[in-house]
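A.B. asks: FYI, the numbering for the sequence shown is 177 to 616, going by our numbering.
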Amino acid sequence: MSEHFDLLIRGGVCALPWGLEALDIGAKDGRIAALGVSSHASAEEVIDASGLHVLPGLIDPHVHLRDPGDPKIETVLTGTRAAVLGGITTVFDMPNTSPAITDSDRLAWKQGYVERQSWCDIGLYVGATKENIDSLATLELGHGVCGVKVFAGSSTGPLLVEDDESLERVMRSGRRRISYHSEDEYRLQARKGLFKNGDPYASHMAWRDEECAFLGTRRLMALARKTGRAAHILHVSTAEELAYLQDFREVATCELLVNHLTQVAPECYDRLGGLAVMNPPIRDQRHYDAAWAALRNGTIDTIGSDHAPHRRSDKEKPWPECPGGLTGVQTLAPIMLDHVNAGRLSLCQLVDLMAAGPSRVYGLIGKGRLVAGYDADFTLVDMGRQRRIEDSWIASPCGWTPFAGMKVTGWPHATVVRGQVVMREDEVVGAPSGRLARFG
Ligand SMILES: [Zn+2]
Numbered sequence: 177m178s179e180h181f182d183l184l185i186r187g188g189v190c191a192l193p194w195g196l197e198a199l200d201i202g203a204k205d206g207r208i209a210a211l212g213v214s215s216h217a218s219a220e221e222v223i224d225a226s227g228l229h230v231l232p233g234l235i236d237p238h239v240h241l242r243d244p245g246d247p248k249i250e251t252v253l254t255g256t257r258a259a260v261l262g263g264i265t266t267v268f269d270m271p272n273t274s275p276a277i278t279d280s281d282r283l284a285w286k287q288g289y290v291e292r293q294s295w296c297d298i299g300l301y302v303g304a305t306k307e308n309i310d311s312l313a314t315l316e317l318g319h320g321v322c323g324v325k326v327f328a329g330s331s332t333g334p335l336l337v338e339d340d341e342s343l344e345r346v347m348r349s350g351r352r353r354i355s356y357h358s359e360d361e362y363r364l365q366a367r368k369g370l371f372k373n374g375d376p377y378a379s380h381m382a383w384r385d386e387e388c389a390f391l392g393t394r395r396l397m398a399l400a401r402k403t404g405r406a407a408h409i410l411h412v413s414t415a416e417e418l419a420y421l422q423d424f425r426e427v428a429t430c431e432l433l434v435n436h437l438t439q440v441a442p443e444c445y446d447r448l449g450g451l452a453v454m455n456p457p458i459r460d461q462r463h464y465d466a467a468w469a470a471l472r473n474g475t476i477d478t479i480g481s482d483h484a485p486h487r488r489s490d491k492e493k494p495w496p497e498c499p500g501g502l503t504g505v506q507t508l509a510p511i512m513l514d515h516v517n518a519g520r521l522s523l524c525q526l527v528d529l530m531a532a533g534p535s536r537v538y539g540l541i542g543k544g545r546l547v548a549g550y551d552a553d554f555t556l557v558d559m560g561r562q563r564r565i566e567d568s569w570i571a572s573p574c575g576w577t578p579f580a581g582m583k584v585t586g587w588p589h590a591t592v593v594r595g596q597v598v599m600r601e602d603e604v605v606g607a608p609s610g611r612l613a614r615f616g
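1) Could you tell me which residues DSSP puts in a beta bridge with T429?
2) Pop quiz: H486 and G501 are said to be a contact at Cβ under 8 angstroms. What is the actual Cβ separation, rounded to whole angstroms?
3) State the CB to CB distance for the pair G320 and A518, rounded to an integer number of angstroms; the pair is presumed to be in contact (CB under 8 angstroms).
4) Rounded to a whole number of angstroms, what is the C-alpha to C-alpha distance between H180 and A219?
5) Is there at least one non-hydrogen atom of ligand 1 closer than 6 angstroms to the beta-carbon of D482?
6) For the alpha helix (DSSP H) that G288 lies in, which residues bound it at each end?
7) Where do the ends of the alpha helix (DSSP H) carrying I511 lie?
8) Quick check: the stretch 452-464 against the stretch 488-504, are there 3 or more CB pairs under 8 angstroms?
9) The alpha helix (DSSP H) that contains E416, what's its start and end?
10) Can you name, in chain order, every residue of its own chain whose Cβ lies under 8 angstroms from the Cβ of T256, other than the five neighbours on each side?
11) Compare the beta carbon distance of D182 and G542 with 7 angstroms and say whether it is the shorter of the two.
12) Using 8 angstroms as the cut-off, can you tell me whether the stretch 327-347 makes contact with the stretch 545-561, which would need three or more C-beta pairs spanning the two stretches below that distance?
13) Helix, strand or coil, according to DSSP, for H436 in the structure here?
14) What distance in whole Å lies between the Cβ atoms of T591 and M582, which are believed to be in contact at a cut-off of 8 angstroms?
15) Roughly how many whole angstroms lie between the Cα atoms of H380 and P496?
16) Taking the beta strand (DSSP E) that R472 falls in, what are its first and last residues?
17) In chain order, which beta strand (DSSP E) runs of at least 3 residues are fully inside the stretch 183-259?
18) So, are the CB atoms of L312 and V324 less than 7 angstroms apart?
19) Can you check DSSP and say which residues form a bridge with Q525?
20) Who are the near neighbours of L261 in its chain, counting only those whose CB is closer than 6 angstroms to its CB and skipping five residues on each side?
21) Within 6 angstroms: the Cβ of A258 and any heavy atom of ligand 3?
22) So the beta strand (DSSP E) P588 belongs to, where does it begin and stop?
23) Could you tell me the alpha carbon to alpha carbon distance between T403 and T251, rounded to whole angstroms?
24) Between the stretch 228-237 and the stretch 562-581, can you find at least three pairs of beta-carbon atoms closer than 8 angstroms?
25) Near R405, which residues of its chain fall below 6 angstroms by C-beta distance, leaving aside the five closest residues on each side in sequence?
26) Using a Cβ-Cβ cutoff of less than 6 angstroms, which residues in the same chain neighbour L526 once the five nearest sequence positions on both sides are dropped?
27) Is it right to say L370 is buried, meaning 16 or more other beta carbons lie within 10 angstroms of its own, or is it exposed?
28) With respect to the beta strand (DSSP E) encompassing H357, which residues constitute its N-terminal and C-terminal limits?
29) Taking R561 as the reference, give the member of R545, G586, A548 and V547 with the closest Cα.
30) Can you list, in chain order, the residues of its chain whose CB lies under 7 angstroms from that of E307, leaving out five sequence neighbours each side?
31) Can you give me the start and stop residues for the beta strand (DSSP E) that T332 sits inside?
32) Between which two residues does the alpha helix (DSSP H) harbouring L364 extend?
33) Go ahead and pull the three-state DSSP assignment for T503.
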């Protein structure tokens, strides 16, 4: 008797942990059941992947879905729709919503809410405050929680934890890897007075200079080594930090943003104005080159979009009234595929950084690799497809992307979450059936 699967992916070139291999994949009950399937096997659904590459479902470990917040900008429903249109099967959502996810009641609400609203699987960050440090050890073990997020700078209100004493207490509060926004808050505030309203948008990188980021990371690394608590430095933006972090590999992993690998100052500020403003800022060629060098030498563990949409009208305000943050979850994979086609990294490196890497750093269970028993999450990509990214393609209600007009080669063809096709050829299929991801 021949085998029968729920889903068969035939004829694709698969990005296995040990390299690219042409084979057929069978999925059953939402998980990968077989790598290499005989031609006699049957299935409820067969995807013809000839001419396509089959990647493990790509993960965006850094999104702000703004929910609860302002549904005219983004929601879990719209932001995860954008994710699957862009070939992403799992997102990790940041806690700085309105209100923020900082206690067990709000976390319980969010856990129930996202499983009715999400198109892809989802992990939730819990935000640290100076008031909730004693409950972080419990909160970080909650269902679907990918970890604690600390804003050591660049936040407002209760989510800001900027002083060494509080940071050390946070590090001594639990045991999972903590994710940090690392910009030194004191230096940010001290330098604010050097600039005035209406200065050029490029002032953003002068205000939040290299030393703001580097000083923040030096302080965090000293405390991480002192306490032994593992740290994940989000959106590393300077050559100095990338060199420094290599000496802290026993406690530190790090993330790069696609923007810092794609856009360069001052050109981006001249061309995009407020649409280029993000934190930490896009910097000059020296830092761009250092980011690519660090990616190639293995310093980088994950790549994220830092999807953080705002209204276009707010982004068009003069600097520094324009808020920091960019739409990005939908364009992350297409742009990284374009970088692969341009020879800047290999497809296997992309898979390591966008699937296996996030899984390893956050302790994600059953995702990030094409192996038997793992979730049947797949991103099928057409490496030869040429497209132009347009605002009209963006599913987030804010309706804009800083990459509008960019021509890319390589495009997500289909997105499969736990054996269910949720996107095929730019169409979202079925209904939102995302679940909370599981973490060890
Ligand atoms: Zn962020």
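We treat Cβ as the ideally placed atom computed from N, Cα and C, and that holds for glycine. Here the structure is a predicted model, which is why all the values come from computation and not from measurement.
C.D. replies: Once the coordinates are examined:
1) H408
2) 6 angstroms
3) Not quite, the Cβ-Cβ distance comes to about 36 angstroms (not below 8 angstroms), so this is no contact.
4) 5 angstroms
5) yes
6) S280 to Q293
7) L508 to N517
8) yes
9) A415 to L421
10) L241, V267, Q293, S294, W295, C296, I298, P608 and G610
11) no
12) no
13) helix
14) The Cβ separation is near 21 angstroms, so there is no contact.
15) 7 angstroms
16) Where R472 is concerned, there is no enclosing beta strand (DSSP E), although the alpha helix (DSSP H) it sits in stretches over Q461 to R472.
17) 189-192, 195-198, 201-204, 207-211, 218-224, 229-232 and 234-239
18) yes
19) Answer is none; Q525 lacks a bridge partner.
20) Q506, A571 and M599
21) Inclusion of ligand 3 in the displayed structure is not the case, the ligand content consisting of ligand 1 alone.
22) K583 to V593
23) 37 angstroms
24) no
25) M347
26) M512 and V516
27) exposed
28) I354 to H357
29) G586
30) P334
31) That residue, T332, is in no beta strand (DSSP E); it is neither H nor E in DSSP.
32) E361 to K368
33) coil
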